[in-house]
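Structure first, then comments.
There are 8 protein chains.
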Amino acid sequence: MGFACIDHHRHIRCGLPEVIYCPGKTTEQIIKIFEKLAEKGGNVLATRAEENVFKALAKKFPKARYEKLARAIVLEQKKITMSKRAIPIVTAGTADLPVAEEARVTAEIMGQRTELICDVGVAGLHRLLGHLERLQDANVIIVVAGMEGALASVVGGLVDCPVIAVPTSVGTGASFGGVAALLTMLNSCAAGVTVANIDNGFSAGVTAGLINKKVEARCKL
Amino acid sequence: MGFACIDHHRHIRCGLPEVIYCPGKTTEQIIKIFEKLAEKGGNVLATRAEENVFKALAKKFPKARYEKLARAIVLEQKKITMSKRAIPIVTAGTADLPVAEEARVTAEIMGQRTELICDVGVAGLHRLLGHLERLQDANVIIVVAGMEGALASVVGGLVDCPVIAVPTSVGTGASFGGVAALLTMLNSCAAGVTVANIDNGFSAGVTAGLINKKVEARCKL
Amino acid sequence: MGFACIDHHRHIRCGLPEVIYCPGKTTEQIIKIFEKLAEKGGNVLATRAEENVFKALAKKFPKARYEKLARAIVLEQKKITMSKRAIPIVTAGTADLPVAEEARVTAEIMGQRTELICDVGVAGLHRLLGHLERLQDANVIIVVAGMEGALASVVGGLVDCPVIAVPTSVGTGASFGGVAALLTMLNSCAAGVTVANIDNGFSAGVTAGLINKKVEARCKL
Amino acid sequence: MGFACIDHHRHIRCGLPEVIYCPGKTTEQIIKIFEKLAEKGGNVLATRAEENVFKALAKKFPKARYEKLARAIVLEQKKITMSKRAIPIVTAGTADLPVAEEARVTAEIMGQRTELICDVGVAGLHRLLGHLERLQDANVIIVVAGMEGALASVVGGLVDCPVIAVPTSVGTGASFGGVAALLTMLNSCAAGVTVANIDNGFSAGVTAGLINKKVEARCKL
Amino acid sequence: MGFACIDHHRHIRCGLPEVIYCPGKTTEQIIKIFEKLAEKGGNVLATRAEENVFKALAKKFPKARYEKLARAIVLEQKKITMSKRAIPIVTAGTADLPVAEEARVTAEIMGQRTELICDVGVAGLHRLLGHLERLQDANVIIVVAGMEGALASVVGGLVDCPVIAVPTSVGTGASFGGVAALLTMLNSCAAGVTVANIDNGFSAGVTAGLINKKVEARCKL
Amino acid sequence: MGFACIDHHRHIRCGLPEVIYCPGKTTEQIIKIFEKLAEKGGNVLATRAEENVFKALAKKFPKARYEKLARAIVLEQKKITMSKRAIPIVTAGTADLPVAEEARVTAEIMGQRTELICDVGVAGLHRLLGHLERLQDANVIIVVAGMEGALASVVGGLVDCPVIAVPTSVGTGASFGGVAALLTMLNSCAAGVTVANIDNGFSAGVTAGLINKKVEARCKL
Amino acid sequence: MGFACIDHHRHIRCGLPEVIYCPGKTTEQIIKIFEKLAEKGGNVLATRAEENVFKALAKKFPKARYEKLARAIVLEQKKITMSKRAIPIVTAGTADLPVAEEARVTAEIMGQRTELICDVGVAGLHRLLGHLERLQDANVIIVVAGMEGALASVVGGLVDCPVIAVPTSVGTGASFGGVAALLTMLNSCAAGVTVANIDNGFSAGVTAGLINKKVEARCKL
Amino acid sequence: MGFACIDHHRHIRCGLPEVIYCPGKTTEQIIKIFEKLAEKGGNVLATRAEENVFKALAKKFPKARYEKLARAIVLEQKKITMSKRAIPIVTAGTADLPVAEEARVTAEIMGQRTELICDVGVAGLHRLLGHLERLQDANVIIVVAGMEGALASVVGGLVDCPVIAVPTSVGTGASFGGVAALLTMLNSCAAGVTVANIDNGFSAGVTAGLINKKVEARCKL
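Top line first, the protein sequences correspond to chains U, H, R, D, V, Z, E and B. The first sequence begins at -6 in this note's numbering and counts up by one. The second sequence begins at -6 in this note's numbering and counts up by one. The third sequence begins at -6 in this note's numbering and counts up by one. The fourth sequence begins at -6 in this note's numbering and counts up by one. The fifth sequence begins at -6 in this note's numbering and counts up by one. The sixth sequence begins at -6 in this note's numbering and counts up by one. The seventh sequence begins at -6 in this note's numbering and counts up by one. The eighth sequence begins at -6 in this note's numbering and counts up by one.
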């Protein structure tokens, strides 16, 4: 296509869905890549898509849906069998929801069930502790938090599974667009916490998805 | 003295002890300033003092004592009446102790009682929650934490008094000498948390001391 | 509510008003949270609220008022008894006013009187020194300053009470959106100065409010 | 113990070994904590331990061994059953070995087998591609790389399992002590890559260990 | 002209085209400088030109053309003889195209042929390896990459010619507007890689052009 | 005035004009401060003023003029006697003009003559060297440069008077809004170079004005 | 000499003394350059010289003297006529003395008298205000301050001459080796303040020297 | 070898010498890798080698020589034919010599002649201009500069060949270990300048070597 080089094989090689990351691409480019990815009949995900991109795309793909909060376009052409165990996606505040939603949409197109636990930041510990059982039953947990990002450490100290921490750009002043939360999470005193890029719900969704999948897949072998 | 300009009046004006901050001063300069501060018969504190400075000083001031962990020299010439209520000084880890000790020594020379609650970082919440009652009874709390510094937010969410957060340079890699903890604390989602400079136990001790003092002093009026 | 987890208990536990921090929340979310917080009959504060959020909210809460400079929505359903002593809120320049106003509105909804001392930056010392008496009578002082933020140190050197320093994003070039003022304040050579996040008038208002409250509350015991 | 608060329960709660992080602790403190951790008969790991700490400790614990490159002290009191599948630990260069070793020692005390693939940085791709089969068979991979840290992205693009990327401080000039590699890894265009703190082989070992363990444990259920 | 000092001689001295860098200049200034540069009959290039600048300019220079993706205005008044060997311009992703295009337009006005190899980032190595022969035949290669910028190292390890690496601001979160890619490239473990400023396709085009020119020019001597 | 505290005395104390820095002030506030400053009959300067502020102000002060490039409003109510010697204001590029203009307007309202030497950046040394005589005759020189800001060092190496270097935010990518030029100037290997804040033509104008004034003033004594 | 290219002419061209900046040069190189500079009979200054360099040098130049605090070697071969008016060098604290001393030694070898005003930081304003008259009589003032560096703004607001601000690396934690003071000074709200590099007493001495010289020199014409 | 994976093929693939980068490797590891590289009879270069490493190595390789300033070990087993045209290596100051020497040693083992032009920084332009002819005759130039690094821009504006700029960590304060020079060079207003990592003489030597080689090699075809 000149401007893009489709890697259909990645789908098989890496266990990923077919994905387009939209920023920096023109609407025309996005549509052409989307067509290319869709033509094999699989499911397609376009992340960080503006609503007008969706509208242009929907003309050609009436079955595509727009996940508004997540800013994602989803085309399900193939039925997805969902995992048995859900991945908890925990947010510190309401404003972290868009990132959590991106993680959710991504995990789900990979066939991984999720459950959202929202607005349970560390300033009110009892809100988090009320969900302890669900957290302790998980194979992997996604924690999404901006501002000081302390939630990842607290969750990490309560469970025996890996925690994927996603810092968000929620915050002001010395949060520096998510850097404060990023550093907090990288320096977590709770072991088992690894970190995705700021606001990168997609990467967290994929990683958690790969882990959950491995756990259930190996069992079948 | 040429190299230093003594501000005896600050003692009265700001309610502080007579203090020397040692780094960048020669041993000779420190001793001369110490003499000048001590000659009015008050108590004197020298912070960040190397042990060899203490040894040189001790020849002239045999009553001076060296607080090793805090790296502080204390000369008590006047009896100190201690406050009724103690200031809890809470640390996330054992390695934060030197900073906590500097805060303790500082608060105590100002006549403020303290109580140390050590190694109660957020990766093991039950350790902190065991001290809840003491924390909720305080007029002001000092929280000392390195690495991701999340403890300040958690404490701040449990109490109704101001929390003085002191980030420490404890940590490696992306802790950047305490910057990670500093940013965490500045971005605390728990209100009532203000922040001192990295490793600045002295400043935290003074501020907490001034608050505790105000509370008890006003009551006597 | 799915997107938010109300912590009514924080009001009692931490001595705070019921508060919504608006950025990153949709107008619909803000209104729903506001309703939830208001339904117990207490006072509610929404910070960093755009004017259009206020307009939408005012339809349901005609008694709510908009503090324009502070960008805050205030709903007073319960009469507030004001403190005896006022908290001085000192600004270096006129452009620091919005942050000072946020501190004022916050402190006042907590029942703390305030007095504004505006535009007394260090380039014209006599402007500040004219207010010395009021400053020296306070239980706690809020200093709001952008650019080089030197005012906090100068005030801190003149009084015997804690100073809550709030760096603002006022300035250009190497002020780096308030980082210059933040670093100045963290490195204050005047003891007793602790620092809030850049532009965080709310946190300063809460902290100063908690201190002033402690002083007057303990006296009554 | 005053200076430390042992969290024996973490062992069970989080599936971790008993661990001491040595920096910032005195040799006396380390020994006392070690004794406390060892007294229940489990295995103990002390990370970032200087050789002289080991020598002092070895007098009381003659069975302890020192992993020199990893700077870790290991006390095996209980037999460890090793996992079936090994965790590949891949390094970009020879100088990244100490961090890889810390990950290895950590994973092994958790009962996870490892295999080291050393010095296969991206400037000579064929070195890495020779190990492709082993990588594609893993449940989880640890990639350790300094300088530009590009190896994590390349590995991530070749496999369908999560990759734990550990930036190291190997490098000079604009590597800024590992920041360059850290940013590279956080921005990885290969999905499924999450990041540990700079030089934090321990955290990578724990996380990879938890994942591998989950996969094999669930299978037994 | 008061606001600009034309350096016609640079054309001869440095082998460069006549160039205007547009940002920060008013449309009027750009047009006047363009006229001055064009009046000697040579070719003129205006970089980072907004489309409205082109429209204003096109009234006076109907032969000028606008390279939209590259945001460049080109006026060819003199026929350009093209080099024998082409300069490969390799991009990691589709979103890096504008920078690659700026490099292409610049090199071409210097008489250097180019060939674009687009969207061959390291997450799918086979895409790059398919172009290996063309890369290994070049005198110099331009690599354009955002996000983690790892492509430059991988290309550098495959060829025996200099690689001009151009980091782009493509990416989010901790890509910090291209800083992550910049650092990656500066720390490249592949020798022979030097780096241009973020998004600076022009500088890469010039440098690669000068190298290619030298190689072919010397041969004629 | 509540929101501002006029410091008329600064005019005498510091030799400055009456000045208002506009950013962060409402139009109403600016007009009120302007009136206050103007009422004593002196000259008034408003810097960083948007054109709409000027339009509102011009209704009350028809004699005020707007210096468009400098974004400054000037009200000359008192005749200004100009200095004998002019201050050269040298810019590296055309895009640095607005900052140079701010310096010029500021110096001139202080009664200091200026001469603009524009677009003489170091990539074409002969442009600068053509002005050598004028530079070597000055009492003080202002150098305004963005991008790499090297001009200050080159000028500093050619003259025996102080050089006031003003970094500008002109540049892209790793110029980081003027930080690159700022660091260049701070590290100048030419002695006699001191630095103003990024884009701060006002400060450079004042400082150069104070120096030129001192030189001529002392001579009259 | 191969490793150095002496610029004798700079002495005349820029009004500077003959100077060697020692760091990064071997003792042998320093001695050879020193000999070269001294052979014309003028005065020579070597800055940032370790004491052992002085000892080696003193064997050949018995008349050279070592200014210990300033870490400078001075060789006076020609009698220096001193200026009439002294340059005040003001420091915030005792630890700033070495930088102030470097400025003093530099200014004096240029024939400029200096007067040291030490330890008058802003936390005790009365200390500074006691020297007001001397400050207001100066042609130029050097302010040397670490930590928050607020002294420059306060001095700048009190005088009508240029202030050369020198940030020092005195401080800890978030002073970041002088960056905090540097930013404070760059953002000074007092006009007339320009800034030298961190700890660069030499540059401040030269600049202040050039200004003072210009003032007195012009007068003689 | 376990700890290292030799890439003999790189020698042919990339036109590089066999090289070991020593930091982070033990002396034993360096010797073993050196032996492996040397056993095919080619020339070997070890960079950033401490003198004691050389001493240990010299026992096995008596023909190896130590380039002290460059901190490089060179083993010439095969005669090197030198290029016709030399690569100028230009330094701003004497302290930049070690980096220039590393570039020289690297280029020479690749068969490229070099010529050193030392201490010609921009504060004394005539020093540089004296070498103009040699610079204008080159195929490629290496510019090595610390502090403000302005030399690269000035050289780049005088020649029609690519300039490889190497920032050095020479400087103090706000040079931030070479960051100031790095940014200067990245932002060069002279086209044709690309940048190596801080202090990376090796990379500059390789890149310049590859360019010079291409020019002469193609001519022979």
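Just so you know, even glycine gets a beta-carbon here, dropped at the ideal spot from N, CA and C.
Under the DSSP definition of a beta bridge, R/R3 lacks any partner. Restricting attention to U/E108, U/Q70, U/G164 and U/P91, the CA atom closest to the CA of U/G202 is found in U/E108. A residue is called buried when at least 16 other Cβ atoms come within 10 angstroms of its Cβ; E/T74 does not meet this threshold and is exposed. Counting the other CB atoms within 10 Å of its CB gives U/G(-5) a total below 16, which places it among the exposed residues. Setting aside the 5 residues that flank it on each side, D/F47 is surrounded in the same chain by Y59 and I66, each with a C-beta closer than 6 Å to its C-beta; the list follows chain order.
Within the DSSP bridge table, the entry for R/L109 names R/I82 as partners. In the structure shown, E/R41 falls within a coil segment according to DSSP collapsed to helix, strand and coil. Cβ atoms of V/P81 and V/R6 stay farther apart than 8 Å, at about 28 Å. D/R58 is bridged by DSSP to D/V67. Where E/V98 is concerned, the enclosing alpha helix (DSSP H) starts and stops at L90 to I102. Beta-carbon to beta-carbon, E/V115 and R/V137 are separated by about 18 Å, too far to satisfy the 8 Å threshold. Along the region 182 to 209 of chain U, the positions whose C-beta sits under 9 Å from a C-beta of chain H are C182, A183 and A184, read in chain order. By the neighbour-count criterion, in which 16 or more other beta carbons inside 10 Å mark a residue as buried, B/L38 falls on the buried side. The C-beta of H/R106 comes no closer than 8 Å to any C-beta of chain D. B/G142 and R/E101 have their C-alpha atoms some 54 Å from each other.
Distance from H/D192 to E/T161 at the Cβ level is roughly 19 Å; contact not present, criterion being Cβ atoms closer than 8 Å.
For D/E44, the closest C-alpha among the options D/A63, D/R78 and D/V208 is that of D/A63. In the assembly as shown, R/D112 is a buried residue. Its beta-carbon has 16 or more other beta-carbons within 10 Å. The beta carbon of U/A158 is closer than 6 Å to those of V136, A145, M178, V186 and V188 in its chain, skipping five residues each way along the sequence.
Contacts with chain U at 8 Å (Cβ-Cβ) include H/A116. Relative to H/R41, the option among H/K61, H/V83, H/G86 and H/E32 whose CA is nearest is H/K61. The beta carbon of D/G170 does not come within 8 Å of any beta carbon belonging to chain V, so the residue lies off that interface. At least one CB atom of chain R sits nearer than 8 Å to the CB of E/S146.
By the neighbour-count criterion, in which 16 or more other beta carbons inside 10 Å mark a residue as buried, U/P91 falls on the buried side. Burial is judged here by how many other beta carbons sit within 10 angstroms of a residue's own beta carbon; H/Q22 has at least 16 and is buried.
For H/V186, the enclosing beta strand (DSSP E) starts and ends at V186 to V188.
Here H/A143 carries a coil assignment [DSSP, helix/strand/coil]. A distance below 7 Å between beta-carbons, with the five flanking residues on each side excluded, links V/C15 to the following residues of its chain, in chain order: I23, A39, T40, R41, A42 and V46. About 5 Å separates the beta carbons of B/I134 and B/V156, which is inside the 8 Å limit, making them a contact pair.
In terms of beta-carbon proximity, H/A93 stays away from the interface with chain U, with every pair separated by 8 Å or more. R/A88 places its beta carbon less than 8 Å from that of Z/G17. When CB distances to chain U are screened at a threshold of 7 Å, the residues of the region 21 to 38 of chain R falling below it are Q22, in chain order. With respect to the 8 Å criterion, Z/K72 and Z/G35 are not classified as neighbours on the basis of their beta carbons.
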